[in-house]
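Novice:
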Amino acid sequence: MLLDSCNLTGTTHYQILSVKEDANYDEIRAGYKAAILNSHPDKLHMNTKESQLDHELQERFLSVQKAWEVLSDPTSRANYDMELQSSRQKLEAVADEVTLEEMTIETIGDAQEFFYQCRCGDYFSVTPSELDEIGLPLNININGDVASQSATGLQPAAVLLPCGSCSLKIRLILHSVP
């Protein structure tokens with residue numbers, strides 16, 4: 403799992419390189435260069451005696467290298483972003499977990515929207531285009547069966563949906579198709 407490569411304090415690779423999560427390749431590269439210069443043992447003219455400070459600097463240097471390795475590759479970055487998003491969603495309290503099959507589908511012309519009623523009477527909703535934007539495209543067959551074609555293999559993906567009126571959220575579980 404890519405998130406295990408973050409340190410125990412919960413620092414993300416983006417924070418290690420001091421860049422925003424929506425940074426482009428050039429911004430990530432510039433962040434990496436600055437971070438590596440600030441943590442490279444040769445650049446800091448450190449002596450070779452073993453100390454706690456030396457160990458911390460070595461860990462910092464290795465974390466900068468790992469962050470660059472993950473964020474410089476588009477595929478590993480996309481996987482890391484999905485895992486990061488998923489881990490953040492797991493930290494939030496949810497009212498319920500539902501699947502697309504449990505949601506009501508409303509079709510107007512070519513547009514579809516999935517609804518699930520909240521305890522307050524309003525609805526949680528999501529459209530296939532919204533799911534596609536976050537990297538979870540849907541496969542809707544002739545019978546109306548729906549499944550995700552996510553890049554996570556055969557493991558289910560999840561997304562949090564807020565209620566239209568209250569503060570409750572549900573976790574929408576999307577099952578991948580083989």
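Following the numbering used here, the numbering of the sequence shown begins with 403 at its first residue and continues without gaps.
Note that CB positions come from ideal geometry on N, CA and C, so glycine has one too.
Quantities reported herein were computed from a predicted structural model and do not represent experimental measurements.
With distance defined between alpha-carbon atoms, name the residue in Ile438, Cys522, Asp498, Leu563 nearest to Ser465.
Specialist: Here residue 465 is taken as the residue at index 63 of the sequence shown, counted from 1. That would be Ile438, whose Cα lies nearest to the Cα of Ser465.
Novice: With distances taken between CB atoms, is the gap from Glu535 to Leu486 smaller than 9 Å?
Specialist: Counting from one through the sequence shown, the residue named residue 535 turns up at place 133. Counting from one through the sequence shown, the residue named residue 486 turns up at place 84. It is not a contact, given that the beta carbons lie outside the stated cut-off.
Novice: Distance check for Thr501 and Leu562, CA to CA, integer angstroms please.
Specialist: Along the sequence shown, one-based indexing puts residue 562 at 160. Along the sequence shown, one-based indexing puts residue 501 at 99. Their Cα atoms are separated by approximately 12 Å.
Novice: Pick out whichever of Lys571, Tyr427, Tyr518 has its Cα sitting closest to the Cα of Met505.
Specialist: Against the sequence shown, residue 505 aligns to sequence position 103. Measuring from the Cα of Met505, the nearest candidate turns out to be Tyr518.
Novice: Hey, quick one: how far does the alpha helix (DSSP H) through Glu429 stretch, first residue to last?
Specialist: Numbered from 1 along the sequence shown, position 27 holds the residue referred to as residue 429. Start and end: 427-441.
Novice: With respect to the beta strand (DSSP E) encompassing Pro539, which residues constitute its N-terminal and C-terminal limits?
Specialist: Your numbering for residue 539 matches position 137 in the sequence shown. Run containing Pro539: none; DSSP gives neither H nor E here.
Novice: Closest to Ile418 by C-alpha separation, out of Glu458, His442, Gln460, Lys468, would be which residue?
Specialist: What you label residue 418 is simply residue 16 of the sequence shown in a count that begins at 1. Nearest option by C-alpha distance: Lys468.
Novice: Distance check for Glu429 and Cys568, CA to CA, integer angstroms please.
Specialist: Residue mapping note: residue 568 aligns to position 166 of the sequence shown, counting from 1. Residue mapping note: residue 429 aligns to position 27 of the sequence shown, counting from 1. If I take the Cα positions, the gap works out to 38 Å.
Novice: What do you get for Asp483, buried or exposed, if any count of 16 or more other CB atoms within 10 angstroms of its CB means buried?
Specialist: The residue you call residue 483 lines up with position 81 of the sequence shown. Buried: at least 16 other Cβ atoms inside 10 Å.
Novice: Quick check: what's the CA-CA separation for Arg462 versus Ser441?
Specialist: The residue labelled residue 462 in the question sits at position 60 within the sequence shown. The residue labelled residue 441 in the question sits at position 39 within the sequence shown. If you take the alpha carbons of Arg462 and Ser441, they lie about 6 Å apart.
Novice: Nearest chain D C-beta to Leu486 closer than 9 Å, yes or no?
Specialist: No chain D is present in this structure, which holds just one protein chain.
Novice: Using only the alpha-carbon positions, how far apart do Ala513 and Gly566 sit?
Specialist: Mapped onto the sequence shown, residue 513 falls at position 111. Mapped onto the sequence shown, residue 566 falls at position 164. Cα to Cα, Ala513 sits roughly 19 Å from Gly566.
Novice: Identify whether Lys468 lies in helix, strand or coil by the three-state DSSP scheme.
Specialist: The residue you call residue 468 lines up with position 66 of the sequence shown. In this structure, Lys468 counts as helix in the three-state DSSP scheme.
Novice: Could you tell me if Ala559 is buried or exposed, where buried requires 16 or more neighbouring beta carbons within 10 angstroms of its beta carbon?
Specialist: One-based indexing of the sequence shown puts residue 559 at position 157. Buried, because 16 or more other Cβ atoms sit within 10 Å of the Cβ of Ala559.
Novice: What are the boundary residues of the beta strand (DSSP E) that includes Glu515?
Specialist: Within the sequence shown, numbered from 1, the residue matching residue 515 stands at position 113. Looking at the DSSP string, the run of the beta strand (DSSP E) that includes Glu515 is 513-519.
Novice: According to DSSP, simplified to helix, strand and coil, what is Asp424?
Specialist: Residue 424 sits at position 22 when you count from the first residue of the sequence shown. It is coil, neither helix nor strand.
Novice: Exposed or buried, what is Ile510 when buried is set at 16 or more other beta-carbons lying within 10 Å of its beta-carbon?
Specialist: Taking the sequence shown and counting its residues from 1, the one referred to as residue 510 is at position 108. Its Cβ having fewer than 16 others within 10 Å, Ile510 is exposed.
Novice: Rounded to the nearest angstrom, what separates Val496 and Arg573 at their Cα positions?
Specialist: By one-based count along the sequence shown, residue 496 stands at place 94. By one-based count along the sequence shown, residue 573 stands at place 171. Between Val496 and Arg573, the C-alpha separation is close to 6 Å.
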